[in-house]
Amino acid sequence: MLNRNLNLVYNFAKGAMLKVAEDKKKYEAFLQKMKQSFGDMEITTLKELVKNISLSPSVRSGDKDKLDPYINYYEVGLRDIDDQSLITIEQCKNKKLGPANPYLIEKYALKENDLLLPYRASRTLKVARVGNGYPAPLVTNASVIRIEMYEGTSKDLALLIQAYLSIHYVQMYILPARNRPPEPPTSRELISTKRLADLPIPKFTNELVENKNFSDFYLQRLEIENKLLDLVRNSKYLLSCIAKDEEETINLFLHHKEKLPELQRNESNILGKLKELLNEFVLLEEECDKPKKFPYYS
Numbered sequence: 004m005l006n007r008n009l010n011l012v013y014n015f016a017k018g019a020m021l022k023v024a025e026d027k028k029k030y031e032a033f034l035q036k037m038k039q040s041f042g043d044m045e046i047t048t049l050k051e052l053v054k055n056i057s058l059s060p061s062v063r064s065g066d067k068d069k070l071d072p073y074i075n076y077y078e079v080g081l082r083d084i085d086d087q088s089l090i091t092i093e094q095c096k097n098k099k100l101g102p103a104n105p106y107l108i109e110k111y112a113l114k115e116n117d118l119l120l121p122y123r124a125s126r127t128l129k130v131a132r133v134g135n136g137y138p139a140p141l142v143t144n145a146s147v148i149r150i151e152m153y154e155g156t157s158k159d160l161a162l163l164i165q166a167y168l169s170i171h172y173v174q175m176y177i178l179p180a181r182n183r184p185p186e187p188p189t190s191r192e193l194i195s196t197k198r199l200a201d202l203p204i205p206k207f208t209n210e211l212v213e214n215k216n217f218s219d220f221y222l223q224r225l226e227i228e229n230k231l232l233d234l235v236r237n238s239k240y241l242l243s244c245i246a247k248d249e250e251e252t253i254n255l256f257l258h259h260k261e262k263l264p265e266l267q268r269n270e271s272n273i274l275g276k277l278k279e280l281l282n283e284f285v286l287l288e289e290e291c292d293k294p295k296k297f298p299y300y301s
C-alpha cells in the first residue's frame, strides 16, 4: 500500500514537472514569435494594461426583496455583435428578462471600450467591444469573460488590444491545449482568466495610437473579414439548397415539365450573377496581393 502511494506521488510530481517544462517551452516560443512581430517593443502582461479581467455574476441573484421587476437593462453575449465586432442590442432588445438587483446592475454594467471573450473554448475566440449610447445598462452572463478597461482608455487603445487578442498565434496560446487545431474543440474546456491576465502583450498606450486613426484602419479590416465570413456561411447554405434540389432534378424533368421553363430562367439568372461575383472575386484577390509587393512586407 505504501509503495503504491509513493508511486502515485512520484507520478504526480513527474507529470507536474513535465507540464512546467512544457509550459516554459511554449512561453519562450511565444515570446520569440512576439519579437518577430513587434521587434523591441517593451513587453508587459494584459493585467497591467487593463483594470480587471473576470466573469460577471448574475444580476438576477440575491434576496428576492432586493430584485426590481421593472428595472430596464439588456443582457448581451458574443452573438450580439455587428460587422465591426461591436456589441449591439438589435437581437436582444426584445428579450424578456427577469427582475434584477439594481445594485448589481450598477456594479457590473459594461462600460465603453470593455472587451468581451467567450469563457468556453472554441476553435477561435470572438473578441467584441462595448460601444456607447445604449438606451439602458448592459450586462453579460457567466459565459462571457469581461476585460474591463481603465477610465480614460481611448477607443484606439481598446481596439489595439482587441486586435492583439484576435491574432491567431495569440489565441493558440490562450486556448486550452485540447482546443487548439488540429484537435477537435471540447466545449467543457474553459478559458483561464489567470492565463489571460498573465498573457504577454506589447506595452500599448494611449500615446502610441494618439492621432494615428488606428480605429479607421482596423475597423475596416474587421468589417471585410466579417463580411467574408458571412459570405462563406451564405455560400454553405446555398450549396445545401443546391444539393437538395439535385435530388429532385430527374423527378422535375419527368413529371413537372410545365415548371421547367420558369426554373431554367431563374437558374440562368442565378448563374449569371454567380459568374459576375466570381469575376469580382478575381479582382479582389488581385487587390489583396498588391500590398504584399510593398517593401515593408519583405
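Here the numbering used here is used: the first residue of the sequence shown is 4, the next is one more, and so on. For glycine and all other residues, C-beta sits at the position ideal for the given N, C-alpha and C. Here the structure is a predicted model, which means the values were calculated and not measured.
Asked	Found
Under the three-state DSSP convention, the category Arg224 falls into	helix
Environment of Thr149 [buried if 16+ CB atoms lie within 10 Å]	Note on identity: in this sequence residue 149 is Arg, with Thr being the wrong assignment. The residue is buried, with at least 16 neighbouring Cβ atoms inside 10 Å.
Unbroken beta strand (DSSP E) run spanning Arg149, endpoints	Val147 to Glu151
Endpoints, the alpha helix (DSSP H) within which Ile164 is located	Lys158 to Leu168
Inside the stretch 72–146 only - beta strand (DSSP E) runs reaching at least 3 residues	118–121
Cβ-Cβ distance between Arg123 and Glu213 below 9 angstroms	no
Any non-hydrogen atom of the ligand COA closer than 8 angstroms to Ser61 Cβ	No copy of the ligand COA occurs in the structure displayed, which carries no ligand at all.
Rounded C-alpha distance that separates Leu163 from Asp68	43 angstroms
Buried versus exposed call for Leu277 [16 or more other C-beta atoms within 10 Å across all chains shown]	exposed
Run of the beta strand (DSSP E) containing Thr196, from where it starts to where it stops	From DSSP, Thr196 is part of no beta strand (DSSP E) but of the alpha helix (DSSP H) over Thr196 to Ala200.
Range of the contiguous alpha helix (DSSP H) that encloses Thr252	Thr252 to His258
Per DSSP, cross-strand counterpart(s) of Asn55	Glu151
Local conformation of Pro264 per DSSP, three classes	helix
Pairwise C-alpha distance: Ile92 and Tyr137	8 angstroms
Start and end residues, beta strand (DSSP E) containing Thr48	Ile46 to Thr48
CB-CB length for Ala112 against Pro140, believed under 8 angstroms	4 angstroms
Beta carbon of Tyr172 nearer than 9 angstroms to that of Lys38	no
Spatial neighbours of Ser218 in its chain, beta-carbon cut-off 6 angstroms, leaving aside the 5 residues before and after	Lys158, Asp159 and Leu162
Distance CB(Asn144)-CB(Ser59) smaller than 9 angstroms	yes
Under 9 angstroms between C-beta atoms of Val62 and Ile90	no
Helix, strand or coil at Leu193 [DSSP, three-state]	strand
Residue of Ser57, Val53 and Leu107 minimising C-alpha distance to Asp66	Leu107
For Leu281, the three-state DSSP class (helix, strand or coil)	helix
Outcome for Gln165 when other beta-carbon atoms lying within 10 angstroms are tallied against a minimum of 16	buried
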